[in-house]
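Residue numbers for the sequence shown follow my numbering, beginning at 51 and rising by one. Where a beta carbon is used, it is the ideal one built from N, C-alpha and C, also for glycine. Here is the structure we will look at, set down as structure tokens.
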Amino acid sequence: MRRTYLFFLLSYPRNHRALFGAEMLRVHQESAAEHRSQGRIAYAAFVVRELAGLLTGAAGAWFGRQPPLPAAQGGVPTNIAEAQRCIDASIAGMVQAIAHHQFEKARFYSLAERKARENLRRLKEIYGISD
51 MRRTYLFFLL
61 SYPRNHRALF
71 GAEMLRVHQE
81 SAAEHRSQGR
91 IAYAAFVVRE
101 LAGLLTGAAG
111 AWFGRQPPLP
121 AAQGGVPTNI
131 AEAQRCIDAS
141 IAGMVQAIAH
151 HQFEKARFYS
161 LAERKARENL
171 RRLKEIYGIS
181 D
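And the structure:
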């Protein structure tokens, strides 16, 4: 199943995979182990839901993409603006996951948001930008 998951993960945009791929795989493997212990039917249902979720998530990642940022937007360094976009995307993903009762994905997006916020805090510190 890991190989199949990795194959479907390739349907996401490259930058999305770079930001979230490792965490998505880790969460998937933990969930797979949990569902595998619940029997074949539970595991098969999990596999179908997970692969369908991957495909719909990839479509959302592609079609929900924002245009690339210019070198500087309103005097804000590009990497700070990108960090803020990561936070916004994580929050949007978390809200969508909660709305569809996909709490494992919501947890994933919550962790991604925390990491993105920490990254933004570090970048602001480097550039000397206060909140």
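Inter-residue CB distance, residue i and residue j (contact presumed, cutoff 8 angstroms)
i                : j              : result
phenylalanine 70 : alanine 162    : 6 angstroms
alanine 139      : isoleucine 148 : About 15 angstroms separates the two Cβ atoms, so there is no contact after all.
tyrosine 62      : alanine 108    : 5 angstroms
Span separating the alpha-carbon of residue i from that of residue j
i                 : j              : result
valine 97         : arginine 135   : 30 angstroms
asparagine 169    : alanine 133    : 7 angstroms
tryptophan 112    : threonine 106  : 10 angstroms
phenylalanine 153 : glycine 110    : 18 angstroms
alanine 264       : asparagine 129 : The structure shown does not extend to residue 264, since the chain is modelled only from 51 through 181, so no value can be given for it.
histidine 78      : serine 87      : 14 angstroms
arginine 99       : histidine 66   : 21 angstroms
valine 145        : isoleucine 176 : 30 angstroms
tyrosine 235      : alanine 72     : This structure leaves residue 235 out entirely; the chain is present only between 51 and 181.
glycine 114       : methionine 51  : 27 angstroms
arginine 172      : glycine 178    : 10 angstroms
arginine 164      : histidine 150  : 21 angstroms
Same chain only: Cβ atoms within 7 angstroms of residue i, ignoring 5 sequence neighbours per side
i             : result
alanine 166   : Ala133, Cys136, Ile137, Ser140
methionine 74 : Leu59, Phe158
histidine 85  : Ala92, Tyr93, Phe96
Helix, strand or coil at residue i according to DSSP, with G and I counted as helix
i           : result
glycine 178 : coil
The ligand FAD heavy atom lying under 6 angstroms from the CB of residue i
i              : result
methionine 144 : Only the bare structure without any ligand can be found here, which leaves the ligand FAD out of the picture.
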